[in-house]
Every structure is written in structure tokens, then in C-alpha cells.
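Here the structure comes first, spelled out in C-alpha cells, and everything after it is commentary.
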Amino acid sequence: MIALFVLTGTATFAQNNNRSFFSVTAGYSLPVGELAREKLDDPFAGLTGSGYYGQASYDFRIARWFGLKLSGSMNLNKTKPEPIIERANEAVEQIKPMINEYSNHSWQSHVSKWKFNTVMIGPALYLNFNKVQLEAHVQGGYVQVTSPSVDMAGAFESGQNNMTVRLSPASTKDFGVGAGASLRIPLGNVLYFHVSGDFLATEATLKDVAIKVNVGNYPEFAVPINEKRFVGVANVGAGFGIMF
406 MIALFVLTGT
416 ATFAQNNNRS
426 FFSVTAGYSL
436 PVGELAREKL
446 DDPFAGLTGS
456 GYYGQASYDF
466 RIARWFGLKL
476 SGSMNLNKTK
486 PEPIIERANE
496 AVEQIKPMIN
506 EYSNHSWQSH
516 VSKWKFNTVM
526 IGPALYLNFN
536 KVQLEAHVQG
546 GYVQVTSPSV
556 DMAGAFESGQ
566 NNMTVRLSPA
576 STKDFGVGAG
586 ASLRIPLGNV
596 LYFHVSGDFL
606 ATEATLKDVA
616 IKVNVGNYPE
626 FAVPINEKRF
636 VGVANVGAGF
646 GIMF
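No gaps in the numbering here: position 118 of the sequence shown is 523 in the working numbering, and each next residue is one more.
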């Protein structure tokens with residue numbers, strides 16, 4: 406498809422004098438940082454999975470090779486409940502002898518998605534290769550991270566002492582950084598197709614968050630979470646844009 410666009414494009418980036426580029430992009434997202442890898446001492450580690458994202462961007466070319474890029478993106482990544490289940494099992498094993506419960510147990514879980522939203526601005530560089538333009542950028546700006554809710558219901562084989570586990574959602578706002586590139590292929594005098602990749606990250610502090618475990622009539626058991634974490638996403642997608 407890319408080869409066809411290159412052969413049939415009727416205008417070239419090298420020849421046009423357009424200074425503005427507006428594009429929309431959607432695609433695949435992967436988590437990076439501490440939420441993506443598993444750590445035995447971190448209840449949030451390994452909690453985030455793959456997902457999808459949408460992005461809108463506008464860049465203004467100040468010179469032939471240099472400009473400024475403003476972009477906003479929204480990420481929705483799935484939540485993997487296994488790390489929460491592991492922490493809940495540890496708590497249940499501690500409580501079982503105190504309530505005279507020795508049978509096995511199982512869980513049913515319902516989870517929401519991780520949200521990673523950004524608004525960023527920064528310099529962009531442009532390289533023109535006949536009909537194709539390569540754009541690269543670095544950015545900084547606003548990042549909002551919202552952790553998921555996790556609700557689990559557990560049952561023992563004995564039929565006694567029902568259990569619940571709850572992780573409430575939390576949101577944090579902070580400064581973040583990003584970097585990426587896109588390959589733009591003209592489809593005419595105005596429209597272009599592009600593929601792009603971006604890395605976005607921040608240091609997120611999730612305050613007053615806890616995994617709360619209730620087993621039978623035993624008092625609630627909570628695992629508090631109040632730490633800073635390096636979190637981010639790697640996005641790869643495609644879309645269309647207009648130049649003017």
C-alpha cells in the first residue's frame with residue numbers, strides 16, 4: 406500500500422510550500438515502565454497490558470527543516486488482575502487459620518482499563534525524500550494517568566466465608582515527556598497518509614490507594630500503595646492528515 410501511494414502521489418513534500426500539518430492517528434499501544442514488568446514487592450507491577458490509542462496533532466513548519474508540534478493523545482490499556490489476585494491470595498492465606506477455614510478458594514474479577522492521556526508540545530524536524538517526508542519530534546507537557554478499578558468476589562469450597570477484594574481507581578497529573586517520528590506519504594495536493602510511533606512517559610504518584618480484602622467476618626485487610634512510579638506507553642499507528 407505504501408509503495409502504491411508513493412507511485413501515485415501527485416504532489417511532493419519537497420516541492421510544496423505548505424507550512425501546517427494536521428493529522429489524526431490510531432493504533433496499538435504497549436505499556437512500558439514499572440507497570441509493565443512484574444516485581445514481587447509491588448502490587449501494581451505487571452498490572453497493565455496492551456491496548457489502543459487515538460491521537461490528534463498539529464505541527465507548524467517555521468523553516469524547511471524545523472517546526473513546532475502540538476499533540477494530544479488518549480490511551481486505553483487493559484488491566485491484568487493477576488498481580489492483585491496474587492496479593493489477595495497472600496492475605497487470604499494469613500487470615501484462613503484465624504477463621505478456621507482450610508478449603509480451597511477461587512475468584513471472579515471485573516476490571517476497568519488504565520487511562521494515559523497527554524497534551525504535549527515540542528520541536529519537530531523534517532527530512533524530505535522525493536515524495537516522502539520523515540518527521541521526528543521531542544515533546545514535553547501535561548500527562549494524566551488514571552489507574553483502574555479492580556473488583557473481585559471469592560468463594561471457598563466449603564461454602565462459608567465469602568470474600569471481596571477492591572482496588573479503587575486513582576488519578577494523578579504531572580509533567581511528562583515524549584518522543585516519536587512519522588513517515589508521511591502524499592495522496593494529492595492536500596491529503597497525506599502516515600505511519601507513526603511515539604514513546605510517552607511520566608513519573609506518576611498514586612496517593613491513598615489500597616488493595617482492600619474482606620474475608621468472612623474478619624476485619625478488613627488493606628495493602629496500601631503510596632509510591633512514585635515511572636510509567637509510560639509505546640504507541641504505533643497509522644492515519645491521515647491534511648497540509649495547508
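Cβ atoms here follow ideal geometry from the backbone N, Cα and C, with glycine treated the same way.
If you measure between the beta carbons of residue i and residue j, is that distance less than 8 Å?
i: Gly459; j: Thr484; result: no
i: Gly357; j: Leu605; result: The requested residue 357 is not part of the displayed model; the chain covers only 406 to 649.
i: Ser428; j: Ser462; result: yes
i: Gln513; j: Met568; result: no
i: Val614; j: Ile504; result: no
i: Ala493; j: His542; result: no
i: Gly546; j: Thr523; result: yes
i: His510; j: Ala560; result: yes
i: Arg589; j: Ala609; result: no
For residue i, tell me which candidate among the options has the shortest Cα-Cα distance.
i: Tyr507; options: Glu495, Thr577, Glu562; result: Glu562
i: Leu481; options: Phe649, Leu435, Met568, Ala468; result: Leu435
i: Ala496; options: Gln549, Gly432, Arg571, Lys474; result: Arg571
i: Pro574; options: Asn422, Thr523, Ile616; result: Ile616
i: Thr607; options: Arg589, Val636, Ser587; result: Val636
i: Pro629; options: Val618, Gln538, Ile647; result: Val618
i: Asn622; options: Gly438, Lys501, Leu473; result: Lys501
i: Leu611; options: His599, Val638, Gly646, Val550; result: Val550
i: Asn533; options: Asn422, Gln544, Gly646; result: Asn422
Quick one: what's got a C-beta closer than 6 Å to residue i's C-beta in the same chain, skipping five residues either side?
i: Thr430; result: Gln460, Ser601, Gly642, Gly644
i: Leu475; result: Tyr463, Ile526
i: Tyr433; result: Val641
i: Pro486; result: Ser514, Val516, Val555
i: Gly438; result: Phe635, Val636, Gly637
i: Gln587; result: Checking the sequence, you will find Ser at residue 587 rather than Gln. Glu540, His599, Ser601.
Got a sec? Which residues, its chain only, sit under 8 Å from residue i by beta carbon, not counting five neighbours each side?
i: Lys518; result: Gly456, Leu481, Asn482, Lys483, Thr484, Pro553
i: Phe471; result: Pro528, Ala529, Leu530, Tyr531
i: Glu625; result: Lys617, Val618, Asn619
i: Leu650; result: Residue 650 lies beyond the residue range present for the chain, which begins at 406 and ends at 649; the question has no answer from this structure.
Can you tell me whether residue i is buried or exposed? The criterion is at least 16 other CB atoms within 10 Å of its CB, across all chains shown.
i: Leu445; result: In this prediction, Leu445 scores a pLDDT of 44, lower than 50, which makes its location untrustworthy; no coordinate-derived value is stated.
i: Gln565; result: exposed
i: Glu540; result: buried
i: Arg469; result: exposed
i: Ile489; result: buried
i: Ala627; result: exposed
i: Asn640; result: buried
i: Glu478; result: The residue asked about is misnamed: residue 478 is Ser in this sequence, not Glu. When all chains shown are included, Ser478 counts as buried.
i: Asp603; result: buried
i: Gly593; result: exposed
i: Gln538; result: buried
i: Asn499; result: Here the sequence assigns Gln to residue 499, which means Asn is not the residue at that position. With fewer than 16 Cβ atoms within 10 Å of its Cβ, Gln499 is classed as exposed.
i: Phe521; result: buried
Between residue i and the ligand FMN, is the CB less than 7 Å from at least one heavy atom?
i: Gly593; result: Ligands displayed in this structure: none; no statement on the ligand FMN is therefore possible.
Uninterrupted beta strand (DSSP E) stretches inside the region 492-558 (no shorter than 3 residues): When DSSP assignments are scanned along the region 492-558, the uninterrupted stretches of beta strand (DSSP E) that are 3 or more residues long and fall wholly within it turn out to be 510-516, 519-534, 537-551.
Whole runs of the beta strand (DSSP E) within the region 452-476, excluding any shorter than 3 residues: Runs of the beta strand (DSSP E) inside the region 452-476: 453-466.
3-residue-minimum beta strand (DSSP E) runs that sit fully inside the region 562-617, ordered along the chain: Within the region 562-617, the complete beta strand (DSSP E) runs of at least 3 residues are 568-572, 576-591.
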